[in-house]
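Heads up: the sequence shown runs through residues -27 to -1, 1 to 297, numbered per mature numbering (1 follows the signal peptide of the UniProt record, and there is no 0). See below for the structure under consideration.
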Amino acid sequence: MKFSRFWTRVQGLAVVFLLGAMAPAGAAYPDKPVRLVLPLAPGGAMDVLGRGLAERLGALWKVPVIVENRAGAGGNIAADQVARAAPDGYTLLLTGDMLVANQTLFKGAINYDPVKSFAPISIVAATPPVIVVRADSPVRDIAGLRDAASRHVLNVGTPGYGNSNHRALTRLQQQVQGTVQHVPYKGAGPAVVALLGGEIDAAIVALPAVSTLIANGQVRALAVLQDNRSATVPQVPTAAQVGLAMDGDTGWFGLLAPAGTPPQVVDDVWRAVRQAVTEPDFRARLLAIGFEPIADQPRAFADRIVSDALKFPALLRDSGVALQ
């Protein structure tokens, strides 16, 4: 009898072990709150995207997704924090293409490698930069902007260093006969507040940061800095249509985890992101304010980072961006 009871217990334990071994990898992820770190201050395009994405992922996962804004140093503070986090999928970074540009821009002063320090998950969305002025500004168009810069220093704000807005500003500086002074902020939110408060003359920010302000007449858009007009603000001309030569350098916003994050976790997060941005309501919200939802696969995002890492040094040099 004792042997029989012992053997029954052994069989029971074996069944439990086998069931555990058969459970799919990553099935328990996530089982606690997830941190989503953003490298810019609240109020800008990235913040809008990040908070909307956090809301949708939290609903899908049934756990809180907590947004943490870690602005400063052109996004390097947030990137370094996530690069050093545990590679378990519970600390994620939503950032822009300055992640790659900063390797050149802050040469020798960053502690992470954009190619090696992260596990790319997906480019969530893309959006163009746009040049805006206050509604009461005497500058009505790019010709007026050129004229103003020829008569006095024109202070133009951006969300900081290295991003597509900063690179667009340097292109503008090269094509204006006058002085255009770069005023970097810790995100589009502070830059727009400064514009509305009269601290700066103009701003170059991602379209979603100002699309509502354009619609309600608080700011005037002078040009969308991409090859085609935006469906969000179809009345606003492109750079080429107003005589500006730009790179068509539309900025991307991508989600990354620390290097070493298990591939199954990366895949789980990507599938959730894809589900979120294809939901009709969320997708419509993104399109309405100027985002192009993407949600491409991890491999495609990794390839884009490598491509940008090869491209950006020459692009930054040619655009005249000063090393920090």
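Note that the Cβ used here is the ideal one computed from N, Cα and C, for glycine as well.
Contact check, residue i vs residue j, beta carbons under 8 Å
| i | j | result |
| --- | --- | --- |
| residue 31 | residue 238 | no |
| residue 278 | residue 73 | yes |
| residue 143 | residue 285 | no |
| residue 3 | residue 34 | yes |
| residue 259 | residue 66 | no |
| residue 133 | residue 173 | no |
| residue 70 | residue 137 | yes |
| residue 64 | residue 231 | yes |
| residue 47 | residue 135 | yes |
| residue 275 | residue 157 | no |
Of the listed residues the options, nearest to residue i (C-alpha basis)
| i | options | result |
| --- | --- | --- |
| residue 227 | 200, 141 and 91 | 91 |
| residue 123 | 150, 219 and 76 | 150 |
| residue 261 | 275, 137, 100 and 2 | 100 |
| residue 189 | 108, 202 and 9 | 108 |
| residue 117 | 216, 274 and 225 | 216 |
| residue 265 | 152, 289 and 202 | 202 |
| residue 1 | 97, 270, 98 and 235 | 235 |
| residue 187 | 24, 68, 263 and 249 | 263 |
Alpha carbon of residue i to alpha carbon of residue j, nearest angstrom
| i | j | result |
| --- | --- | --- |
| residue 58 | residue 241 | 19 Å |
| residue 112 | residue 36 | 48 Å |
| residue 213 | residue 223 | 14 Å |
| residue 307 | residue 218 | Outside the shown range of the chain (-27 to 297) lies residue 307, about which nothing can therefore be said. |
| residue 272 | residue 244 | 13 Å |
| residue 54 | residue 120 | 44 Å |
| residue 198 | residue 114 | 14 Å |
| residue 104 | residue 182 | 11 Å |
| residue 125 | residue 19 | 32 Å |
| residue 38 | residue 28 | 7 Å |
| residue 282 | residue 162 | 27 Å |
| residue 81 | residue 233 | 24 Å |
| residue 194 | residue 175 | 10 Å |
| residue 252 | residue 152 | 46 Å |
| residue 96 | residue 269 | 6 Å |
| residue 49 | residue 225 | 17 Å |
| residue 26 | residue 56 | 21 Å |
| residue -4 | residue 88 | Note that residue -4 scores 46 on pLDDT, short of 50, meaning its location in the model is unreliable; the coordinates nonetheless yield the value given after this. Near 29 Å, if we compare the C-alpha coordinates of residue 88 and residue -4. |
| residue 315 | residue 280 | The chain is shown only over -27 to 297; residue 315 falls outside these bounds and no answer can be derived. |
| residue 98 | residue 110 | 31 Å |
| residue 184 | residue 24 | 17 Å |
One or two residues paired with residue i in a DSSP bridge
| i | result |
| --- | --- |
| residue 102 | 179 |
| residue 248 | Partner(s): none; residue 248 has no beta bridge. |
| residue 154 | 128 |
| residue 265 | 99 |
| residue 185 | BP columns for residue 185 are empty, so no partner. |
| residue 243 | DSSP, once it has assigned bridges, lists no residue as partnering residue 243. |
Rounded distance between the beta-carbons of residue j and residue i, thought under 8 Å
| i | j | result |
| --- | --- | --- |
| residue 127 | residue 154 | 7 Å |
| residue 51 | residue 85 | Not a contact, Cβ separation roughly 10 Å. |
| residue 160 | residue 22 | Incorrect: roughly 12 Å between the Cβ atoms, too far for contact. |
| residue 192 | residue 106 | 7 Å |
| residue 205 | residue 180 | 6 Å |
| residue 7 | residue 43 | That belief does not hold up - the Cβ atoms of residue 7 and residue 43 are roughly 15 Å apart, past 8 Å. |
| residue 178 | residue 45 | Contact flag wrong, Cβ pair sits at about 18 Å. |
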